[in-house]
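Remarks on the structure that follows.
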Ligand code: HQG
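In my numbering, the protein residues as written are 16 to 235.
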C-alpha cells in the first residue's frame with residue numbers, strides 16, 4: 016500500500032476508533048458510520064488533489080496488511096481498537112483454545128500479577144498466532160514477551176470473547192490464572208522499551224484540517 020493510502024488508513028482508524036466527534040460522526044451500535052459522511056469530513060480542508068475517494072477506502076480494506084476496517088454496503092467501521100466512551104456492541108463467540116498477547120517485559124510482569132486489562136481501549140486485544148502477537152509486542156519492546164491465554168479456563172471464569180478479525184480476538188479482561196509465558200523471560204533483563212502509547216495518552220497533532228493524527232501504534 017502506498018504512503019498516501021497508509022496515511023488515510025491511519026486517519027480513518029483515528030476517526031473511527033478514537034475521535035469520531037472531531038469529524039462530526041456518530042458511530043452506531045456496531046461502530047459503523049456512513050461512508051459518505053466520513054469522506055465529506057476527511058475532505059474538509061484537504062486540497063482537491065489530496066481528496067479521499069471511495070476507491071481509496073476500498074483499496075485500504077482490500078490491500079492493508081491487517082483487516083482494520085470493514086465496508087458493509089454504504090457503511091464503514093473499525094474492526095477493533097476502539098477507545099470511544101460508547102461501547103461498541105459485539106457478539107460473544109468461541110475463540111481458539113489458546114490465544115496470544117505480545118507485550119513489553121515491564122507490562123508482562125504486571126499482567127502476570129493482575130491479569131490483562133483493556134487499559135486505554137474498550138477491550139483487551141489478543142492474537143490468534145504467535146507471529147501476530149510478536150508484531151504487536153514489537154511496538155513496545157524489541158524482544159517482546161509472548162503470553163498464552165487459556166481460553167477454556169477463562170470461559171470457566173465467565174470471560175466472554177469477541178471476534179475482531181481473522182487474527183484478532185477481544186475480551187473484556189483476562190484473569191491472571193489463565194495467563195502463562197509462552198516466550199521470553201519477563202523478569203530477565205528487559206530489552207530497550209519502545210514508545211508505543213496507550214490509546215488514552217496519544218498526543219494530537221494537526222492533520223488535514225482536523226486535530227487528528229495517525230495513531231502512533233497503527234502500521235508502525
Ligand atoms: C498492556 C494495534 C500493565 C498491554 C495492535 C499493552 C493490536 C497492561 C498495553 C491493537 C496490563 C495496551 C491493540 C496490566 C494490559 N498492566 N500493562 N494489567 N494489561 N497491559 O495498544 O494489545 O496496528 O491498547 O500488554 O497491533 O498492544 O493499531 O493494546 O501493551 O492489534 O491496527 O497495556 O492495536 O493494532 O496497549 O494493541 P494497546 P495492544 P493497529
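Note that beta-carbon positions come from the ideal geometry of N, C-alpha and C, so glycine has one too.
No experiment lies behind these values; they were computed from the predicted model shown.
Per DSSP, residue 27 lies in no beta strand (DSSP E) segment; the continuous alpha helix (DSSP H) that holds it begins and ends at 18 to 28. Here residue 107 is actually not in contact with residue 47; their C-beta atoms are around 20 Å apart, not less than 8 Å.
Excluding its 5 nearest sequence neighbours in each direction, residue 104 has C-beta neighbours in its own chain below 7 Å: 44 and 45, listed in chain order. For residue 119, the Cβ falls inside the 7 Å cut-off from some heavy atom of the ligand HQG. Residue 29 and residue 56 do not touch by the CB rule: their CB atoms are close to 12 Å apart, not below 8 Å. In the DSSP assignment, residue 197 falls within the beta strand (DSSP E) that extends over 194 to 198. Three or more Cβ pairs closer than 8 Å define a contact, and the region 142 to 158 meets that threshold against the region 114 to 122. Secondary structure of residue 76 (DSSP, three-state): helix.
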